[in-house]
Amino acid sequence: MIDEETARERVVSTADRLFYAHGVQAVGMDAVRTEAGVSLKRIYALFPSKDDLVLAVLRHRTDLWDTGIADAVAGAATPCGKLLAIFDFLATWFREDSFRGCAFINVFGELGGGSETVAEAVREQKASFQRRVAELVREAGAPDHLAPQLALLAEGAQTTAAISGDPEAAGHARAAADTLIRCALADS
């Protein structure tokens with residue numbers, strides 16, 4: 001028998017993969033059980049409802065997103081380069097075979113109107129990203145109004161890449177971000 005932490009990780013990882021590929025509503029708990037190799041009784045002991053499992057998946061996705069952004073930013077040499085590194089991270093992600101757009105936007109589209117807890121988790125992740133971009137904007141010495149503009153470019157690139165299937169959306173957003181950054185710094 002696997003320990004609780006291993007079972008939890010296995011269920012969340014499996015649910016994440018299945019929900020991201022097929023949608024939350026299309027994936028039943030039986031499919032998660034079969035793929036994860038964890039009994040339904042154990043799954044419900046760990047996650048009393050499907051919403052609880054969705055929230056755990058969103059926390060997992062938040063960790064992946066935050067780590068990806070942090071690693072990309074850490075590799076940049078300048079404050080402006082750190083802002084542009086967000087779009088380099090997106091470019092790499094958009095080229096992954098499993099890319100299906102932003103999991104948060106996807107889940108919000110499916111469940112946001114029916115689950116306030118899921119909607120709130122998605123809103124918090126988006127607000128957290130905006131706060132991180134705002135920190136980077138301040139470090140670059142740019143005006144505050146630049147942060148929401150760059151966040152919107154990143155969000156729009158995710159949606160555009162998912163719908164069009166064109167990973168070049170990240171490069172287009174990066175070029176627009178570079179223009180916005182240069183203009184904002186010239187005006188400040």
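In full-length UniProt numbering, the protein residues as written are 1 to 188. Even for Gly, the Cβ is constructed at its ideal location relative to N, Cα and C.
query: With respect to the alpha helix (DSSP H) encompassing residue 87, which residues constitute its N-terminal and C-terminal limits?
result: Locating residue 87 in the sequence shown gives position 87, counting from the first residue. Here the alpha helix (DSSP H) through residue 87 covers 79-94.
- request: Give the DSSP-derived three-state secondary structure of residue 47 in the structure shown.
  value: Here residue 47 refers to the residue found at position 47 of the sequence shown. Of the three classes helix, strand and coil, the one that applies to residue 47 here is coil, per DSSP.
- request: Report yes if the C-beta distance between residue 24 and residue 110 is below 8 angstroms; otherwise report no.
  value: For the purposes of this step, residue 24 is identified with residue 24 of the sequence shown, where counting begins at 1. For the purposes of this step, residue 110 is identified with residue 110 of the sequence shown, where counting begins at 1. Judged by their CB atoms, residue 24 and residue 110 are nearer to each other than the 8 angstroms cut-off.
- prompt: Is residue 32 near residue 18, with beta carbons less than 8 angstroms apart?
  reply: Start at 1 with the first residue of the sequence shown, and residue 32 comes out as number 32. Start at 1 with the first residue of the sequence shown, and residue 18 comes out as number 18. Yes, these two residues count as a Cβ contact at 8 angstroms.
message: Does the structure place the region 152-161 close enough to the region 79-91 that three or more beta carbon pairs sit under 8 angstroms?
response: yes
- prompt: The alpha helix (DSSP H) with residue 168 in it runs from where to where?
  reply: For the purposes of this step, residue 168 is identified with residue 168 of the sequence shown, where counting begins at 1. From DSSP, residue 168 is part of no alpha helix (DSSP H); its letter is neither H nor E.
- request: With a threshold of 16 other CB atoms inside 10 Å of the CB of residue 80, please say whether the residue is buried or exposed.
  value: As a working mapping, residue 80 is identified with position 80 in the sequence shown. Label assigned to residue 80: buried.
task: Just mark residue 102 as buried or exposed, buried being the case when its beta carbon has 16 or more other beta carbons within 10 Å.
output: Looking up residue 102 in the sequence shown gives position 102. Answer is buried; the Cβ neighbour count reaches 16.
- request: Out of 158, 90, 108, 34, state which residue places its alpha-carbon closest to the alpha-carbon of residue 57.
  value: For this step, residue 57 is matched to residue 57 along the sequence shown. Checking every option, the nearest Cα to that of residue 57 belongs to 108.
query: Expressed to the nearest angstrom, what Euclidean distance is found between the alpha-carbon atoms of residue 98 and residue 49?
result: Taking the first residue of the sequence shown as 1, we reach residue 98 at position 98. Taking the first residue of the sequence shown as 1, we reach residue 49 at position 49. Roughly 26 angstroms separates the two Cα atoms.
query: So, helix, strand or coil for residue 102, using DSSP?
result: For the purposes of this step, residue 102 is taken as residue 102 along the sequence shown, with counting starting at 1. Coil at residue 102, not helix or strand.
- prompt: Would you report the Cα separation of residue 125 and residue 104, rounded to the nearest angstrom?
  reply: For this step, residue 125 is matched to residue 125 along the sequence shown. For this step, residue 104 is matched to residue 104 along the sequence shown. As the crow flies, the alpha-carbon of residue 125 is around 8 angstroms from that of residue 104.
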